[in-house]
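Chains as they are written, first to last, in our numbering: chain A, 65 to 177; chain B, -2 to 109.
Just so it is clear, CB atoms sit at the ideal spot from N, CA and C, and this is done for glycine as well.
First up is the structure itself, then whatever we jot down about it.
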């Protein structure tokens, strides 16, 4: 199993551009989530999904969209990139949240100029 | 607001010493998890402790949970340089929606 994969590893955008961060898992996990990690802020939850077709907002959802059309994929879309979205983005998955191990992807380092 | 808050923010010790990190949280939980993050990498799950448990061990790791004080501690015994990393606690709250909330982490440096 590849586990949780994220693409791209690095990305530089200009303010106002849009892009999609890809996340895929091959463990048949129902629960997937997106976090951003900023220095001194720890991990903050952006959006999460408890199954295909079901998504919900986390702590910091503004400026981001998600969809979950399949169990495997959970893309994160930046609608109009802003410098405040410069961060490292992590995708995670688990069988469920209650008591289950979260498996993290390697991260995408995004810089918005 | 953050549910879990780790303490200290940074810790520097010598190889062979024990390292203790603490996590405090605000609301009742179903479980609490500890994760490790090596520089530039994703988080790796270390150990999970449920609200009805008081202590768990895994190798050189020992986790305690005190629900009356809403706090947990992670002890790494006989530390090694390879333990150098950031450590995060994550809480799943009771009665809440299906999500984990992470603290800001403790940066541990183990000097050889």
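What number of angstroms, rounded off, separates the C-alpha of residue 133 of chain A from the C-alpha of residue 30 of chain B?
Here the question's residue 133 of chain A lines up with position 69 in the first chain. Here the question's residue 30 of chain B lines up with position 33 in the second chain. Approximately 29 angstroms, taken between the alpha carbons.
Cβ of residue 45 of chain B within 8 angstroms of any chain A Cβ:
For the purposes of this step, residue 45 of chain B is taken as residue 48 along the second chain, with counting starting at 1. Answer yes: the Cβ-Cβ gap between residue 45 of chain B and chain A drops below 8 angstroms somewhere.
Would you call the CB atoms of residue 106 of chain A and residue 102 of chain B closer than 8 angstroms?
In the first chain, counting from the first residue as 1, residue 106 of chain A sits at position 42. In the second chain, counting from the first residue as 1, residue 102 of chain B sits at position 105. Going by C-beta atoms, residue 106 of chain A is nearer than 8 angstroms to residue 102 of chain B.
Restricting to Cα atoms, I'd like to know which of B:1, B:14, B:33 and B:41 is closest to residue 108 of chain B.
What you label residue 108 of chain B is simply residue 111 of the second chain in a count that begins at 1. Checked all of B:1, B:14, B:33 and B:41; the closest Cα to residue 108 of chain B is B:14.
Can you find a CB in chain D that lies within less than 8 angstroms of the CB of residue 170 of chain A?
The structure shown contains no chain D; its protein chains are A and B.
Can you tell me which of B:27, B:33, B:10 and B:12 puts its alpha carbon nearest to the alpha carbon of residue 3 of chain B?
Position 6 of the second chain, counting from 1, holds the residue named residue 3 of chain B. Out of B:27, B:33, B:10 and B:12, B:33 has the C-alpha closest to the C-alpha of residue 3 of chain B.
Limits of the beta strand (DSSP E) - the one that residue 108 of chain B falls within:
If you number the second chain from 1, residue 108 of chain B lands on position 111. Unbroken beta strand (DSSP E) run through residue 108 of chain B: 103 to 108.
With three or more C-beta pairs closer than 8 angstroms as the rule, is the stretch 6 to 21 of chain B touching the stretch 61 to 78 of chain B?
Yes, since at least three Cβ pairs between the stretch 61 to 78 of chain B and the stretch 6 to 21 of chain B fall closer than 8 angstroms, the two stretches touch.
Contacts that residue 154 of chain A makes with chain B (C-beta to C-beta distance below 9 angstroms)
As a first step, residue 154 of chain A is located in the first chain; it is residue number 90 there, counting from the start. Within chain B, the residues near residue 154 of chain A are 39 and 40.
Between residue 150 of chain A and chain B, is there a C-beta pair that is closer than 8 angstroms?
Within the first chain, numbered from 1, the residue matching residue 150 of chain A stands at position 86. With 8 angstroms as the cut-off, residue 150 of chain A does not count as an interface residue toward chain B.
Candidates A:86, A:165 and A:125: which alpha carbon is nearest residue 136 of chain A's?
In the first chain, the residue the question calls residue 136 of chain A occupies position 72. Nearest C-alpha to residue 136 of chain A: A:86.
Using a beta-carbon distance cut-off of less than 8 angstroms, what residues from the stretch 75 to 100 of chain A approach chain B?
Contact residues of the stretch 75 to 100 of chain A toward chain B are 95, 97 and 99 (C-beta to C-beta distance below 8 angstroms).
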